[in-house]
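Chemist: Just dropping this structure here.
Number of protein chains: 2
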Amino acid sequence: MCELLGMSANVPTDICFSFTGLIQRGGNTGPHADGWGITFYEGKGCRAFKDPNPSSESKIAQMVVNYPIKSCSVISHIRQANRGGVSLENTHPFTRELWGSNWTFAHNGQLENFEALDTGNYTPVGETDSEHAFCWLLSQLKTRYPSPPEDMSEVFHGIASLAGQLKELGVYNMLLTDGAYVMAYCSNNLYWITRRAPFGEAQLLDEDVVIDFKQETTPNDVVTVIATQPLTCNETWQKIESGSYCLFHYGELVSSPGR
Amino acid sequence: MCELLGMSANVPTDICFSFTGLIQRGGNTGPHADGWGITFYEGKGCRAFKDPNPSSESKIAQMVVNYPIKSCSVISHIRQANRGGVSLENTHPFTRELWGSNWTFAHNGQLENFEALDTGNYTPVGETDSEHAFCWLLSQLKTRYPSPPEDMSEVFHGIASLAGQLKELGVYNMLLTDGAYVMAYCSNNLYWITRRAPFGEAQLLDEDVVIDFKQETTPNDVVTVIATQPLTCNETWQKIESGSYCLFHYGELVSSPGR
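Heads up: the sequence lines are chains A and B, in that order.
Just so we're aligned: 1180 in the working numbering is position 223 of the first sequence, and the numbers increase by one with no gaps anywhere.
Just so we're aligned: 1043 in the working numbering is position 86 of the second sequence, and the numbers increase by one with no gaps anywhere.
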């Protein structure tokens, strides 16, 4: 299984604290030694740092920890390969353009019979079930909405329905963002927490690191973190139900069916 | 004007020496202070490092200099903005998928009336003439070859013809790669050099750095570097004629009309 990490915030925020915990699971406290990646949005643009090497030993991961890039939308992934070899083209997150925006995607799980999904104009570059599913999903959206849709809530509701079809093929936990919205679709394991004033202290589970968010934030900050497993041991994380999703828009939960 | 840098090599090679010279032109020895980017291929995958800040001050650029990533195909760009604001989405190189491969593109120059070019299924994310031209070019190729063509020399010959149409709109120096081929199309300024055994010493123009390639290479290495202006002061660089191109395949020149 891989580890997912996402962030949605109302002000550009660094994800160093959570990422510090996550990368320990890439070969150190976890078995996910087959590469890692993280994609940050800054406006309409995004930049990714990726490495097919274990995150706990990666110099690029160390740079990401030490050089806080501030962003409102972040998706990260550390990989334990199941489908597709260990290589850069198979390293998540994947980014493709749809409706003139960069869409970024990461997946945890494993799909059967994914090759039959028609990916239309989005051809996978690597061999993973994940990239194939992402290409299919974008192709379906492009067919449904040839030009940019106005009601994005409706679009994400449709994406949840497509994700439900993928879940039928196996295990499908997904993080997806267009830079403004961050969507978390849960097949079996996905937790989230929204931090806002009054901020307190948090203690990482995977490393002996404590952060006092009061020192790092302003009273108006709203920051949501999503992860495969809770990253801290002294806060309450919410689990997303199997087959359901949470949609965040600049930190705030805007849609979650069944809640 | 911006600065372009490309590399094509028959073995994974680091570009630190040339990049060290290039980044000095981003705000230090040159006026190109509006961001920079570099994209490395490793197999079918690629990774990019980008920063909208001047390269001469960028911590990420320093990491790229100090952490040699070895690659057979590299494209880099430092920007002096003319069309499109200083932002991450306007920072070259641009990468898009075509025929299941990552294609990477950087442009130096300025185009008029580029908005009329139909970009088909490739919608620009930013506002630059460059990304628009790249999207148009890919769209034209996808229309001409709906499935992956076999004869890539013919494809690049067709790309040169499309580049010629773009040159009619202004100044169009271009670097383009699919990871195996690196193409350099020249509108006014583009130079290249192929280094092979016996290797000698090279002295950077922009900084007091000398490299002895004998220490860094094996006798079979073939490494071509392409740049807007020669980067070294003690070697002979070849200028590409206006309206012409050079196509390199793992270091070797494979096509150059008129030579």
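All C-beta atoms in this analysis are idealised placements derived from N, C-alpha and C, irrespective of residue type, glycine included.
Quantities reported herein were computed from a predicted structural model and do not represent experimental measurements.
Go ahead and pull the three-state DSSP assignment for HIS1049 of chain B.
Modeler: Taking the first residue of the second sequence as 1, we reach residue 1049 of chain B at position 92. Reduced to three states, the DSSP call for HIS1049 of chain B is coil.
Chemist: From which residue to which residue does the alpha helix (DSSP H) around PHE976 of chain A run?
Modeler: Translated into the one-based positions of the first sequence, residue 976 of chain A becomes position 19. Where PHE976 of chain A is concerned, the enclosing alpha helix (DSSP H) stretches over 973-981.
Chemist: Assign LEU1094 of chain B to one of three DSSP states: helix, strand, or coil.
Modeler: Counting from one through the second sequence, the residue named residue 1094 of chain B turns up at place 137. LEU1094 of chain B falls in the helix class under three-state DSSP.
Chemist: Per DSSP, which residues does ALA1252 of chain B bridge with? Please list them.
Modeler: Nothing about residue 1252 of chain B can be read from this structure; chain B reaches only from 958 to 1216.
Chemist: Which whole runs of the alpha helix (DSSP H) in the stretch 995-1027 of chain B are 4 residues long or more, in chain order?
Modeler: With a minimum length of 4 residues, the continuous alpha helix (DSSP H) runs that stay inside the stretch 995-1027 of chain B are 1016-1023.
Chemist: Closer than 8 Å, CB to CB, is PRO1050 of chain B near chain A or not?
Modeler: One-based indexing of the second sequence puts residue 1050 of chain B at position 93. Not one chain A Cβ lies under 8 Å of PRO1050 of chain B.
Chemist: Should ARG982 of chain A be flagged as near chain B, meaning a C-beta pair shorter than 8 Å?
Modeler: The count along the first sequence starts at 1 and reaches residue 982 of chain A at position 25. Taking Cβ atoms only, chain B never reaches closer than 8 Å to ARG982 of chain A, which makes this a no.
Chemist: Name the chain E residues whose beta carbon is nearer than 9 Å to that of PRO1081 of chain A?
Modeler: Here chain E cannot be found, since the structure's protein chains are A and B.
Chemist: Can you pull the chain B residues whose beta carbon is under 9 Å from the beta carbon of ARG1004 of chain A, in chain order?
Modeler: Against the first sequence, residue 1004 of chain A aligns to sequence position 47. Simply GLY994, ALA1005, PHE1006, LYS1007, ASP1008, ILE1017, LEU1045 and THR1048.
Chemist: Going by CA-CA distance only, name the one from B:HIS1114, B:ASN1078 and B:SER1058 that's closest to SER1104 of chain A.
Modeler: Here residue 1104 of chain A refers to the residue found at position 147 when the first sequence is read from its first residue. The candidate whose alpha carbon is nearest that of SER1104 of chain A is B:ASN1078.
Chemist: For ASP1169 of chain B, which three-state DSSP category applies?
Modeler: Reading the second sequence from its first residue, position 212 is the one you call residue 1169 of chain B. In this structure, ASP1169 of chain B counts as strand in the three-state DSSP scheme.
Chemist: Under 8 Å, Cβ to Cβ, is there at least one residue of chain A near TYR1129 of chain B?
Modeler: By one-based count along the second sequence, residue 1129 of chain B stands at place 172. No, its Cβ sits nowhere closer than 8 Å to a Cβ of chain A.
Chemist: Identify every residue that forms a DSSP beta bridge with VAL1031 of chain A.
Modeler: Start at 1 with the first residue of the first sequence, and residue 1031 of chain A comes out as number 74. Per DSSP, A:MET964 and A:PHE997.
Chemist: Hey, is ASN1146 of chain A's beta-carbon within less than 8 Å of any beta-carbon in chain B?
Modeler: The sequence position of residue 1146 of chain A within the first sequence is 189, counting from 1. Chain B, which has no Cβ nearer than 8 Å to the Cβ of ASN1146 of chain A, makes this no.
Chemist: Measuring alpha carbon to alpha carbon, tell me which residue in A:GLU1158, A:GLU960 and A:LYS1171 is nearest PHE976 of chain A.
Modeler: Here residue 976 of chain A refers to the residue found at position 19 when the first sequence is read from its first residue. The residue with the shortest Cα to Cα distance from PHE976 of chain A is A:GLU960.
Chemist: Determine the contact status of CYS1029 of chain B and ALA966 of chain B, defining contact as a CB-CB distance below 8 Å.
Modeler: For the purposes of this step, residue 1029 of chain B is taken as residue 72 along the second sequence, with counting starting at 1. For the purposes of this step, residue 966 of chain B is taken as residue 9 along the second sequence, with counting starting at 1. A contact, by the Cβ cut-off of 8 Å.
Chemist: What in chain B is Cβ-close to ASN1070 of chain A, meaning under 7 Å?
Modeler: Residue numbering aside, residue 1070 of chain A sits at position 113 when the first sequence is read from its first letter. The contacting residues do not exist; ASN1070 of chain A stays about 20 Å from chain B at best.
Chemist: Using CA coordinates, which residue listed in A:THR1181, A:ALA1159 and A:SER1201 is at the minimum distance from HIS1114 of chain A?
Modeler: Against the first sequence, residue 1114 of chain A aligns to sequence position 157. For the residues A:THR1181, A:ALA1159 and A:SER1201, the minimum Cα distance to HIS1114 of chain A belongs to A:SER1201.
Chemist: What's the call for ASP1075 of chain B, buried or exposed, on a 16-neighbour Cβ count within 10 Å?
Modeler: To locate residue 1075 of chain B, count along the second sequence from 1; it is residue 118. Label assigned to ASP1075 of chain B: exposed.
Chemist: Using DSSP with H/G/I as helix, E/B as strand and the rest coil, what is ARG1101 of chain B?
Modeler: By 1-based counting over the second sequence, the position of residue 1101 of chain B is 144. Correct three-state label for ARG1101 of chain B: helix.
Chemist: Does the distance from the CB of ILE972 of chain B to the CB of VAL1031 of chain B come in under 8 Å?
Modeler: Counting from 1 along the second sequence, the entry for residue 972 of chain B is found at position 15. Counting from 1 along the second sequence, the entry for residue 1031 of chain B is found at position 74. Yes, Cβ-Cβ distance for ILE972 of chain B and VAL1031 of chain B is below 8 Å.
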